[in-house]
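A.B. asks: Position 119 of the sequence shown, counted from 1, bears residue number 1605 in the numbering used here, the numbering being contiguous throughout.
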Amino acid sequence: MEKNFMAHSLPADFHIHTHHSGDCESPMEKIIEKALEKKLSAICITEHMDMDYPITPTEPEGLFEVDTDAYQRELILFKEKYAGIIDIHFGIELGLQPHIVERNREYLAKYPFDFVIGSNHLCHGKDPYYSSFYEGRKEKEAFMEFFESTLENITLFDDFDVLGHLDYLVRYAPNLNKNYSYKDYSDIIDEILKTLIAKEKGLDVNTKALYSEPSLGDLNPSKEIISRFHELGGEIITFGSDAHKPDNVGLGFETAVEMVKSCGFKRYAVFSQRKPTFLDL
1487 MEKNFMAHSL PADFHIHTHH SGDCESPMEK IIEKALEKKL SAICITEHMD MDYPITPTEP
1547 EGLFEVDTDA YQRELILFKE KYAGIIDIHF GIELGLQPHI VERNREYLAK YPFDFVIGSN
1607 HLCHGKDPYY SSFYEGRKEK EAFMEFFEST LENITLFDDF DVLGHLDYLV RYAPNLNKNY
1667 SYKDYSDIID EILKTLIAKE KGLDVNTKAL YSEPSLGDLN PSKEIISRFH ELGGEIITFG
1727 SDAHKPDNVG LGFETAVEMV KSCGFKRYAV FSQRKPTFLD L
């Protein structure tokens, strides 16, 4: 294929899923084609790897454990096919839990990932995606447990590049983010941010809330948290649509860029071989 020298108006999308993720059916090439349509310079596929995800009637054992060999083979095929047209990076979204720290380390050592998102999908064995996480207690208690769990996870394990969608549980809370504000959890969130900065880790600026729950009107993490991350000295941010469908690739990025700029950021990162390169916004 000939090289395409089109202008790129949007940041690279570094949080995308395809049919290799248990909750996604989108063909990889359809994702790539949409990225080209939106004139993205690069994408990173970040399939789910959540070891020891609890078994439920709707989540069978291993649902969120990617067949990494099959995933890597297909990605290499398309990386070669689209060489010179769009950069396609090999990533993973790794589920964090205290009792699987060593398993996660061993897993990452087996594959030459370009980029690793560390995500707190499970809080003491429960997924905030489900209403049962909030039942029998106030939202504030549930939120606090989630943030405490996040801090515990990133303290025990730091073989990741950015923390995924820091406050994503507000997408699924009974009142969404109506009763949520950074200032209500500033002490624990600041500890999370300071820990990330000390370990030279970044934040996944995740736009899914902008298009999946437009009433939220915010990113994950929230604009307040992104601003605080910058204020504390944080430098690494990546942009991610968290797309599970082709049409969602790069969605909300125009808004996200303006929000991030207003927080003080002038550049964002892309990763190759686990090393960041910074690009101007």
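Glycine residues also receive a C-beta, built at the ideal position from the N, C-alpha and C atoms.
What separation, rounded to the nearest whole angstrom, lies between the Cα atoms of V1602 and L1580?
C.D. replies: Roughly 7 Å between the two C-alpha positions.
A.B. asks: I'd like to confirm the pairing. Which residues does DSSP put opposite M1535 in its beta bridges?
C.D. replies: Beta-bridge pairing links M1535 to E1551 and L1580.
A.B. asks: Helix, strand or coil: how does DSSP classify T1763 here?
C.D. replies: DSSP places T1763 in strand when its eight states are reduced to three.
A.B. asks: Within its chain, find whatever has a CB closer than 6 Å to the CB of S1507; leave out the 5 residues flanking it on each side and keep chain order.
C.D. replies: E1533 and H1534.
A.B. asks: Can you tell me the Cα-Cα spacing of M1492 and K1524, whole angstroms?
C.D. replies: With a pLDDT of only 42 at M1492, under the threshold of 50, the placement of this residue in the model should not be trusted; the figure read from the coordinates follows. Cα-Cα distance, rounded: 11 Å.
A.B. asks: DSSP puts C1609 in a beta bridge; with which residues?
C.D. replies: According to DSSP, which records beta bridges pairwise, C1609 is partnered with K1612.
A.B. asks: Would you mind giving the Cβ-Cβ distance between P1584 and L1642, rounded to the nearest angstrom? I have them listed as a contact below 8 Å.
C.D. replies: Contact holds; Cβ gap of about 6 Å.
A.B. asks: Take G1604 and list the residues in its own chain whose beta-carbon comes closer than 6 Å to its own, dropping the five residues that flank it on each side.
C.D. replies: L1580, L1582, F1646 and L1649.
A.B. asks: Mind the definition here: the region 1547-1557 touches the region 1506-1522 only if three or more C-beta pairs lie below 8 Å; say whether that holds.
C.D. replies: Segments in contact, yes.
A.B. asks: At what residues does the beta strand (DSSP E) containing D1690 begin and finish?
C.D. replies: D1690 -> beta strand (DSSP E) spans G1688 to N1692.
A.B. asks: Short of 6 Å in beta carbon distance, which residues of its chain neighbour N1490, apart from the five on each side in sequence? Order them along the chain.
C.D. replies: Here the model assigns N1490 a pLDDT of 40, short of 50, so the residue's position is not dependable and the matter cannot be decided.
A.B. asks: Looking at the strands, I want to know which residues DSSP matches up with V1602.
C.D. replies: Paired residue(s): I1578.
A.B. asks: Anyone know if the C-beta pair for T1681 and S1727 falls short of 8 Å?
C.D. replies: The answer is no: Cβ separation not under 8 Å.
A.B. asks: Does the beta-carbon distance from C1609 to F1629 come in below 8 Å?
C.D. replies: Cβ atoms of C1609 and F1629: not closer than 8 Å.
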